[in-house]
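K.L.:
Below are the structure tokens for one structure; questions will follow.
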Amino acid sequence: MDEPQVSSISRRDLLKLGGAAIAAGSGLPLLDPKPATAQTPKRGGTFRLRIHVAPVHFDPQQTVAFPTMQAMSFTHSRLVKIKAGSSVKPGTQPLEADLAESWTQPNDTTYIFKLRRGARWHAKPPVNGREVTAEDVKYSYERFLLPANPNRGLLEQVDKIEAVDRHTVKFTLKEPFAWFLDSLASPSTWIIAKEAVEQYGDLKRPESCVGTGPWMLERYEPNVRCTWVRNPNYFIPGLPYVDNVEVSIETDPATALAVWLSGRYDFAPEYGMVVRRSDLEAAKQRKPNLQMQDYIVVFGGITWAKFDQDPFKDLRVRRALQIATNWREVLETNAWSQGRGAPNPAIPAAFKDWSLPIDQLPPESRRLYDFDPQEAKRLLTEAGHSSGFKTTLETTAGYGPDYIDAVQVTVAGWKKAGIDAEIKLKEYGAFISSTIFGKFDKMGGGLFGGWTDPDSYLYRYFLPGQPLNASGVNDSKLTEMIKLQRRTFNVAKRREMIYDIQRYIAQHVWALYGPSVSAVAAWEPYVKNFGPNIGHDYGGRLMVAWLDR
1 MDEPQVSSIS RRDLLKLGGA AIAAGSGLPL LDPKPATAQT PKRGGTFRLR
51 IHVAPVHFDP QQTVAFPTMQ AMSFTHSRLV KIKAGSSVKP GTQPLEADLA
101 ESWTQPNDTT YIFKLRRGAR WHAKPPVNGR EVTAEDVKYS YERFLLPANP
151 NRGLLEQVDK IEAVDRHTVK FTLKEPFAWF LDSLASPSTW IIAKEAVEQY
201 GDLKRPESCV GTGPWMLERY EPNVRCTWVR NPNYFIPGLP YVDNVEVSIE
251 TDPATALAVW LSGRYDFAPE YGMVVRRSDL EAAKQRKPNL QMQDYIVVFG
301 GITWAKFDQD PFKDLRVRRA LQIATNWREV LETNAWSQGR GAPNPAIPAA
351 FKDWSLPIDQ LPPESRRLYD FDPQEAKRLL TEAGHSSGFK TTLETTAGYG
401 PDYIDAVQVT VAGWKKAGID AEIKLKEYGA FISSTIFGKF DKMGGGLFGG
451 WTDPDSYLYR YFLPGQPLNA SGVNDSKLTE MIKLQRRTFN VAKRREMIYD
501 IQRYIAQHVW ALYGPSVSAV AAWEPYVKNF GPNIGHDYGG RLMVAWLDR
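The following block contains the structure:
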């Protein structure tokens, strides 16, 4: 697919194009990293970075919270992973071996993985550095598939897992699943230690955070910092290059910016190592050799509603909400983007090969992305709500103040159409254990994104019975369309199917989507072989990077 078109969001005539990412001409001279040259990696030192919210706990099979997955990426492994490094283009997800050194697919429903011989658990209780076996893999994924795991939809197609021998594990699927390997590379499919579960009952305590990954959790100071130390017995020879990773937990963006500008972080302080565009000039003045990469982040706003209840079960009301969603103003007012970004269909625009450009929607659906409160009022009147209606919107401040700014802009747009939404804020932990699972009164809103496979944005959000189908969508045609693309291995055919699914979802407005911002990732010039990408795999991206001071 072609790269997003470039234009200025301040020019209203060009805004009407809307079919691709929008970029304001802000004169950024250093938005592409310099081409990678052959360098000899250096060992030692400490990576210092910031996250804005602490892990809810350390059990990846009992939460969908991204801070937990970020933390696990330093300490744990999967069978396969997403390649990292400066040569990997943001928005692409090339796969490579992790704990599995190789795999075969004898038929459409069978996958056989050969594990790396000599791969060991961390040299700490309760596993004490023993070798990783096929039984560990079998146990991990059988626990993954238990009903208590809200992520289990990723691998629900698995029928049986067998430890063929000590270093061979066999997965048999219920039916063909073209996204199986991509799902195994998700930053929630970590291989866990049975002994840790047996000793602690679950994996929520930091003491239970024992994996096979490149670093070991040395210390966790709740809501202050996490410190990881290099795993000297990591199964990939020579990796990681850096001895320690220190992650500060700082909720205030202004404080985090000041700390970064003072030289105490090696990476920009926002999620994904991003610097707000509103802070970019100050950063360039203080750090003239800063390395930067401009890319579309995977996160965007999503709004759910009780689609089986009035007024939301009426398609005209859903269309009114969408056409009253002013995504352009969200981008204009957002400190990360300052006008740069892309409108999202069902699959985030960051997935360049799978996200349908908005200008390829049918005209009736395409029009819903042009903010028009008068048309929204007309639709509401048609639906019997000539005076509009009142509703509530449950969300959280846990995503940060920039997210709340976007929510307020969105709600203001609805109000111009006569939809009066009262924002009800929930604490982040309560939000991710209730609202995202459909436990809200009328409407709920959050961020969608973070998954590294396009299928999850369809199957997990729109299939009946899926925990994250928060709006309770039950559309038999949509269900069959989603299941069919999952069984299709031909990539070109699957892409066209997924494009059709996105057209169908837009036609029926089965979710309300805000835009994704185009952000600037930034890191110090002495950080080598680092490349930003979508997803929560901080550890994977830092494992192959090094410090050259």
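In my numbering, the protein residues as written are 1 to 549.
Don't be surprised by glycine CBs; every beta carbon is placed ideally from N, CA and C.
I'd like the list of long-range same chain contacts for I482, defined as Cβ closer than 7 Å, with 5 residues on each side in sequence excluded.
P.N.:
If we look at I482 and ignore the five residues flanking it on each side, its Cβ neighbours are L458, Y459, F462, L463 and I501.
K.L.:
Which stretch, first to last residue, makes up the alpha helix (DSSP H) that contains L261?
P.N.:
P253 to L261 is the span of the alpha helix (DSSP H), which, as asked, contains L261.
K.L.:
Could you please give the first and the last residue of the uninterrupted alpha helix (DSSP H) stretch that includes P363?
P.N.:
It spans P363 to R366 - the alpha helix (DSSP H) in which P363 sits, taken as one unbroken run.
K.L.:
Can you look up Q293 in the DSSP assignment and give me helix, strand or coil?
P.N.:
The answer is strand: DSSP assigns Q293 an E or B state.
K.L.:
So the beta strand (DSSP E) W557 belongs to, where does it begin and stop?
P.N.:
The chain is shown from 1 up to 549; residue 557 falls before or after that span and cannot be answered.
K.L.:
By how many angstroms is the C-alpha of G438 removed from the C-alpha of Q507?
P.N.:
The alpha-carbon atoms of Q507 and G438 are separated by roughly 22 Å.
K.L.:
Where K114 and E162 are concerned, what is the direct C-alpha to C-alpha distance, given to the nearest angstrom?
P.N.:
Answer to the nearest angstrom: the Cα atoms are 12 Å apart.
K.L.:
By alpha-carbon positions, which one of T255, L79 and L239 ends up nearest to K170?
P.N.:
Closest option to K170, Cα to Cα, is L79.
K.L.:
Helix, strand or coil: how does DSSP classify R276 here?
P.N.:
Three-state result, R276: coil.
K.L.:
Do R316 and E382 have their C-beta atoms within less than 7 Å of each other?
P.N.:
Yes.
K.L.:
Among I419, T172 and S355, which one has its Cα closest to the Cα of K377?
P.N.:
Nearest of I419, T172 and S355 to K377, Cα basis: I419.
K.L.:
Round the Cβ separation of P454 and G341 to the nearest angstrom and send it over; I've been treating them as touching at under 8 Å.
P.N.:
With a Cβ gap of about 19 Å, P454 and G341 do not count as contacting.
K.L.:
Does the separation of the CB atoms of H122 and M216 fall below 7 Å?
P.N.:
Yes, these two residues count as a Cβ contact at 7 Å.
K.L.:
Expressed to the nearest angstrom, what Euclidean distance is found between the alpha-carbon atoms of S355 and G129?
P.N.:
About 43 Å.
K.L.:
Expressed to the nearest angstrom, what Euclidean distance is found between the alpha-carbon atoms of M69 and E422?
P.N.:
One C-alpha to the other measures close to 31 Å.
K.L.:
Whose CA, out of G445, T479, E246 and S208, lies closest to the CA of Y399?
P.N.:
Looking at the Cα atoms, G445 is the closest of the given residues.
K.L.:
Let me check understanding here. Comparing Cα to Cα, which of Y526, E524 and V520 lies closest to I534?
P.N.:
The residue with the shortest Cα to Cα distance from I534 is V520.
K.L.:
Note down, in chain order, each residue of its chain lying with its Cβ closer than 8 Å to the Cβ of R549, except the 5 sequence neighbours on either side.
P.N.:
If we look at R549 and ignore the five residues flanking it on each side, its Cβ neighbours are G45 and Y526.
K.L.:
Quick test of your reading: R120 and V137, contact by CB under 8 Å. State the CB separation rounded to the nearest angstrom.
P.N.:
In fact, because the Cβ distance is near 14 Å, the residues do not count as touching under 8 Å.
K.L.:
Assess contact between the stretch 241–257 and the stretch 43–60, defined as three or more Cβ pairs (one per stretch) separated by less than 8 Å. Is contact present?
P.N.:
A contact exists between the stretch 241–257 and the stretch 43–60.
K.L.:
According to DSSP, is V509 helix, strand or coil?
P.N.:
Of the three classes helix, strand and coil, the one that applies to V509 here is coil, per DSSP.
K.L.:
Residues bridged to S518 by DSSP?
P.N.:
In DSSP, S518 forms a bridge with I296.
K.L.:
Give the straight-line distance between the Cα atoms of N334 and A254, rounded to the nearest whole angstrom.
P.N.:
N334 and A254: Cα-Cα distance of roughly 15 Å.
K.L.:
Measuring CA to CA, which of G465, L331, P288 and S87 is closest to R152?
P.N.:
Out of G465, L331, P288 and S87, G465 has the C-alpha closest to the C-alpha of R152.
K.L.:
Please work out which residues of its chain come closer than 8 Å, Cβ to Cβ, to I436, disregarding the five sequence neighbours upstream and downstream, and give them in chain order.
P.N.:
Result list for I436: V64, G444, G446, L468 and A470, in chain order.
K.L.:
How would you write the range of the alpha helix (DSSP H) that E195 sits in, first residue to last?
P.N.:
Segment K194 to Y200, the alpha helix (DSSP H) holding E195.
K.L.:
Taking the beta carbon of A305 as the centre, do at least 16 other beta carbons fall within 10 Å, making it buried, or is it exposed?
P.N.:
Buried, because 16 or more other Cβ atoms sit within 10 Å of the Cβ of A305.
K.L.:
Cα separation between F299 and P348?
P.N.:
Approximately 7 Å between the Cα atoms of the pair.
K.L.:
DSSP on K442, reduced to helix/strand/coil?
P.N.:
DSSP places K442 in coil when its eight states are reduced to three.
K.L.:
Buried or exposed, going by whether 16 or more other CB atoms sit within 10 Å of the CB of D2?
P.N.:
With a pLDDT of only 36 at D2, under the threshold of 50, the placement of this residue in the model should not be trusted; the figure read from the coordinates follows. With fewer than 16 Cβ atoms within 10 Å of its Cβ, D2 is classed as exposed.
K.L.:
Which complete alpha helix (DSSP H) runs does the stretch 333–417 hold, if anything under 4 residues is left out?
P.N.:
If we require 4 residues or more, the alpha helix (DSSP H) runs fully inside the stretch 333–417 come out as 363–366, 373–382 and 401–416.
K.L.:
Could one say the Cβ of L447 lies closer than 7 Å to chain D's Cβ atoms, at least one of them?
P.N.:
The structure shown contains no chain D; it is built from a single protein chain.
K.L.:
When you compare only the Cα positions, how much space is there between A283 and R541?
P.N.:
Each residue's Cα considered, the two are about 23 Å apart.
K.L.:
For Q105, which of helix, strand or coil comes out of DSSP?
P.N.:
Looking at Q105 - three-state DSSP - the assignment turns out to be strand.
K.L.:
Let's test the definition: count the other Cβ atoms within 10 Å of the Cβ of F489 and tell me whether it reaches 16, buried, or not, exposed.
P.N.:
Exposed, since its Cβ has fewer than 16 Cβ neighbours within 10 Å.
K.L.:
Just tell me which of G301, G211 and Y265 has its CA closest to the CA of K124.
P.N.:
Closest by alpha carbon: G211.
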